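**Q**
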Amino acid sequence: MEDKKDGSKANIVMVTDGASIPDPREWRLINAWSIALLGAICTLCALCVIWPEPYLRILLYLPDGVLITFKITLMAICCAVPLGLITGLGRISRNRFINLLASTYVEVIRGIPLLVQIFYIYYALSRFVQVSGITSAVVAISFCYGAYMGEVFRAGISAIDKGQTEAARSLGFNRYQTMRLVILPQAMRTILPPVGNECIAMLKDTSLVSIMAVPDIMQRARSFVGTTYLYFETYTMVALLYLIITLLLSKAVSIMESRLNYYDAK
Amino acid sequence: MLRHFVFGLLSFVFLCAPAHAVEKYVAAADCYWPPMELTDSNKQPTGYSPDFLKALAKAVGIEIEVRNVAWDGIFGGVATGQYDIVSSSVTITEERKKQFDFSDPYFEVVQAVLLPAGKHINSLKDLKGMKVGGQIATTGIFVVRKADVGAELKEYDDVGLAIEDLLKGRIDAVICDDPVALYYVNKKADTAGKLNISFKTQEKEYYGFVVKKGRKDLLEKLNKGIRLLKESGEERKIAEKWLGN
């Protein structure tokens, strides 16, 4: 696989450990992604066909959990990406106060484990406001990933050559227009893969919300295990399910990335 | 080479030596089920079951160490041999019997429904449309699910979290074993007076110690111990200590 990246594009930011995005320029049929996906799907089908009891039963028990997991992830992405953008802009802001505010937010949130944040928002904040399990899960995950994504946005924006800003400014764009019309559209291409990665990591982290009695995939599985004591079988299915979902998502991000890199590829 | 071999052999012998002393077993307890299992101020498991088990060990001349293990997955640990006994207020049920062996019953409970003070129900049917909380994979949850009364079940990691949400008004009721319900209603400082036990089920449940299938030797010791404690009246003393009258 040849690397067509030029110098400025080598700025890939990895903040947390999401699934790795398959390279859009990878053309071979057999690669890590296809092996993993095919392997996972085949294993899942084989297990369900050969031993419908208990594997098929487990698979049929989990779908409502998958829906909840998706729901939380989608809502959290909708909150975390704008939050990340604002944080990223705040981090490069020349206004001392905004800069400090954004940087402190990132420092504080990154220093607290997500599990603790989820507990904190659910139980500590409930002294003041009543929020449901799902809402507080979304709030906690958005806050956490907003900070991570803020760093991604910051790095992506600062990776754009300074000459672009200078050119736009000398053409009469004001600072806001420069950012919106010149810098951000270019930065998006660098930012998209790591943001996609963050979203996939987020989907995996939603399994933490099962501690708040939110019936996501993990909680459904634990509830199933609680009545049947089939630990190995149930968690095998859960692992395969998560794997298939994240592999499909990472491919989707990869396709988006290749579309955005259309001009680079030429 | 020879030196290594001798050294290895010696350390092997030393490591094995304690095994020939008193027979030692490890028991797992989920210490979020007061007053049956909880942790003391030194983070050590205490409560009715650990005390019972210690007295039992003394009576039959074995040694039992009680470890704090989370409820979720506690059965997996005994199946894979990480510990020998689950002593965590486990009700003897037919489903569980298929996977594990149980000792003779050592304690009797019923399921109790906790409601905020001042609210009442007369049967499980009245839970219809309510949000009912409980600890994940406990018999309380099973009872509500089996009754199929149209309640929304919320399964928490431990019963304390469910009680917390009941007090906050996020859920309408909590179901758990009656000694635990009583503890929260009477003994626990920050929940006493705010809750009431509104309903108890008729069917009695019995706690047993759980061991891996086929551990006949250990079961015999446990059963003998349970019998001895009942005969000697020591069981009553432990019950009085933890449950009052």
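Which chain is which? The protein sequence lines are A and B, in order.
Letter by letter, the first sequence follows residues -18 to 247 of this note's numbering.
Letter by letter, the second sequence follows residues 65 to 309 of this note's numbering.
By construction, the Cβ of each residue, glycine as well, lies at the ideal position given by its N, Cα and C atoms.
For clarity, every value in this text was computed on a predicted model and none was experimentally measured.
(1) Mind checking B:P99: buried by the 16 CB within 10 Å criterion, or exposed?
(2) Which residue marks the beginning of the alpha helix (DSSP H) containing B:D229, and which one marks its end?
(3) Given that A:Q111 touches chain B, what residues does it touch there, using C-beta distances under 8 Å?
(4) Express the C-alpha separation of A:I141 and A:C60 in angstroms, rounding to a whole number.
(5) Would you check if the segment 174 to 182 of chain A and the segment 158 to 165 of chain A touch, i.e. whether three or more CB-CB distances between them fall below 8 Å?
(6) Does DSSP classify A:Y101 as helix, strand or coil?
(7) Check whether the segment 121 to 137 of chain B touches the segment 282 to 293 of chain B, counting contact only when three or more Cβ pairs, one atom from each stretch, lie closer than 8 Å.
(8) Considering only their Cβ atoms, is the gap separating B:S113 from B:F274 smaller than 9 Å?
(9) Assuming contact is defined by CB atoms lying nearer than 9 Å, are B:A93 and B:E87 in contact in what I supplied?
(10) Please identify, using Cβ separations under 8 Å, the residues of the segment 144 to 156 of chain B that lie next to chain A, in order along the chain.
(11) Contact between the segment 148 to 155 of chain A and the segment 84 to 92 of chain A is defined here as three or more beta-carbon pairs at a separation below 8 Å; is this criterion met?
(12) Would you list, in chain order, the members of the segment 208 to 231 of chain A that have their beta-carbon closer than 7 Å to a beta-carbon of chain B?
(13) Is there a Cβ from chain B that is less than 9 Å from the Cβ of A:G46?
(14) So is B:G197 in contact with chain A if we call contact Cβ pairs under 9 Å?
(15) Of all the options A:L25, A:A128, A:P44, which has the alpha carbon lying nearest to the alpha carbon of A:S84?
(16) Could you check where the beta strand (DSSP E) with B:S262 kicks off and where it finishes?
(17) Using a Cβ distance threshold of 8 Å, determine whether the segment 30 to 47 of chain A contacts the segment 197 to 216 of chain A, with at least three qualifying pairs required.
(18) Please list the partners that B:G204 has in chain A, where partner means a Cβ-to-Cβ separation under 7 Å.
(19) Could you give the C-beta distance for A:I226 and A:I22, rounded to a whole number, given that I count them as a contact under 8 Å?
(20) What separation, rounded to the nearest whole angstrom, lies between the Cα atoms of B:L246 and A:S235?
(21) With 9 Å set as the bound, which would you pick, yes or no: does the beta-carbon of B:E228 sit closer than that to a beta-carbon of chain A?
(22) B:D254 versus chain A: which residues are under 9 Å apart at the beta carbon?
(23) Output the boundary residues of the alpha helix (DSSP H) element that contains A:A182.
(24) Taking the C-alpha atoms as reference points, what is the distance between B:V150 and B:Y89?
(25) Just to confirm the assignment, what range does the beta strand (DSSP E) spanning B:D168 have?
(26) Could you list the residues in the segment 175 to 201 of chain A with a C-beta less than 7 Å from some C-beta on chain B, going in chain order?
(27) Any C-beta of chain B sitting closer than 9 Å to the C-beta of A:S204?
(28) Go to B:A28, then tell me how far its beta strand (DSSP E) extends in each direction, as first and last residue.
(29) Applying a beta-carbon distance threshold of less than 7 Å, which residues of chain B neighbour A:Y104?
(30) Where DSSP assigns a beta bridge to A:P94, which residues make up the other side?
(31) Compare the C-beta of B:K192 with all C-beta atoms of chain A and state if any pair is closer than 9 Å.
(32) Are the CB atoms of B:K280 and B:A143 within a distance shorter than 9 Å?
**A** According to the data block:
(1) buried
(2) 223 to 232
(3) K232, G233, R234
(4) 25 Å
(5) no
(6) helix
(7) yes
(8) Here the sequence assigns Val to residue 274 of chain B, which means Phe is not the residue at that position. In this structure, B:S113 does not lie closer than 9 Å to B:V274 by Cβ.
(9) no
(10) none
(11) no
(12) T208, Y210, Y212
(13) no
(14) yes
(15) A:A128
(16) 259 to 264
(17) yes
(18) Correct list: empty, because the minimum Cβ distance to chain A is about 12 Å.
(19) About 12 Å separates the two Cβ atoms, so there is no contact after all.
(20) 57 Å
(21) yes
(22) Those within 9 Å of B:D254 in chain A number zero; the least Cβ separation is about 13 Å.
(23) 165 to 186
(24) 11 Å
(25) Here B:D168 belongs to no beta strand (DSSP E), and DSSP marks it neither H nor E.
(26) I192, A194, Q200
(27) yes
(28) Nothing about residue 28 of chain B can be read from this structure; chain B reaches only from 65 to 309.
(29) E228
(30) Answer by DSSP bridge pairing: none, since A:P94 is not bridged.
(31) no
(32) no
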